[in-house]
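This report refers to the structure that appears directly beneath it.
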Amino acid sequence: MASAARFLSRGGCAVRTRLLWGAPKARLGWRRQVASGRSEVLEQSRFFRRGVAFSALSYLGYEAYILISHSSVVHADVKVNEVLDQADYLYGSGETKKLYQLLEQYKNSENAQLLWRLARASRDVAQLSQTSAEKKKQLIYEALDYATKALEKEKSCFSVHKWYAICLSDVGDYEGIKKKITNAFVIKEHFQKAIELNPKDATSLHLMGIWCYTFADMPWYQSKIAAALFSTPPSSTYEEALRYFQKAEDVEPNFYSKNLLFLGKTYMKLNNRKMALFWLSKAKERLSHTEEDKQNELLLPCCHKRRSLNQENERSRQR
């Protein structure tokens, strides 16, 4: 019993000793864990602070980027608007070559408003009497390229549709009657779209009138080609052409010598000599603002030229 007690006592001491021996190890491990934990916490804290600082700098940098980007966009918009204002002033002043030189600098632009104006300027230079035949052809095709690009960028602008149709029509002069008739459907579609987008644009109305007059006045051989190409070839009447010419004149009276000229010519086709002479007289009396106006004077029907000459001779005799 005493032996058992001593064994238990020794065992108990042994157990207690092992427990006491293990205790410092455990406490040391705990301290190491605590120290390690504190180190990790401190490291995480430092990382967090660096992260916050980095995030703050990133945010400030992002804000600066946004401000700079916005400023660049605003600056670009201001510059484009300035160029457009200059272009419209030069166009209104009849400065054809200066306008082309200004806009040609932006031939790689993605701005539809610049591009359709460049298409118009290219075509206008092509129409100048001093432009060689080779240069004219080059400019006509360039104008179509600019107009096509403008149409790809913006389909809600009536001017884009109008000038695309004009340039497509011009190119037809170099690609034969078959291609010209084939393009006629597309041209009409874009003139109609321009009128739909802006019913008050006199030029679009006039051009639609020209389209109608052209197919009402088509020579017989072209009519046969058109009939061979299409089951329903493009066609129109002088009455339809007259309606568009008159609408254009109602929207903007005396805006274009060629509209006055074609009002007279259409009335002649309809055998209304009184109205034909009225409009041809207005075309003759209109001041020549551009080279095209002067060229239109040469298109006045011979009967009106003879009448004007007779009137001038009569005035001379009276003097």
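In this text, residue positions in the sequence shown follow this note's numbering: the first is 378, and each later residue adds one.
From the three backbone atoms N, C-alpha and C, an ideal C-beta is built for every residue, glycine too.
These numbers were taken from a predicted model, which means no experiment stands behind them.
query: Could you give the residue range of the alpha helix (DSSP H) that holds residue 484?
result: Element bounds for residue 484: n/a, residue is neither H nor E.
query: Apart from the five residues just before and just after residue 633, which ones in its own chain have a Cβ nearer than 8 angstroms to its Cβ?
result: 579, 580, 583 and 625
Where the alpha helix (DSSP H) containing residue 617 begins and where it ends: 615 to 628
message: Using only the alpha-carbon positions, how far apart do residue 628 and residue 577 sit?
response: 6 angstroms
message: What would DSSP say about residue 469, mapped onto helix, strand or coil?
response: helix
task: Determine the DSSP secondary structure at residue 649, reduced to helix, strand or coil.
output: coil
- request: Note down, in chain order, each residue of its chain lying with its Cβ closer than 6 angstroms to the Cβ of residue 467, except the 5 sequence neighbours on either side.
  value: 475 and 476
query: How is residue 533 classed by DSSP in three states: helix, strand or coil?
result: coil
message: Would residue 570 and residue 538 be called neighbours here (beta carbons separated by less than 8 angstroms)?
response: Yes. Within cutoff.
query: Can you find at least 3 beta carbon pairs, one from the stretch 614 to 625 and one from the stretch 634 to 654, that sit closer than 8 angstroms?
result: yes
message: Among 650, 647, 635 and 649, whose alpha-carbon lies nearest the alpha-carbon of residue 660?
response: It is 635 whose Cα lies nearest to the Cα of residue 660.
- prompt: Between residue 465 and the ligand PLP, is the CB less than 7 angstroms from at least one heavy atom?
  reply: Questions concerning the ligand PLP fall outside what the structure shown contains, since it holds no ligand whatsoever.
message: Tell me the DSSP secondary structure of residue 507 in three-state form.
response: Secondary structure of residue 507 (DSSP, three-state): coil.
task: Determine the extent of the alpha helix (DSSP H) in which residue 560 is found, giving its start and end residues.
output: 553 to 574
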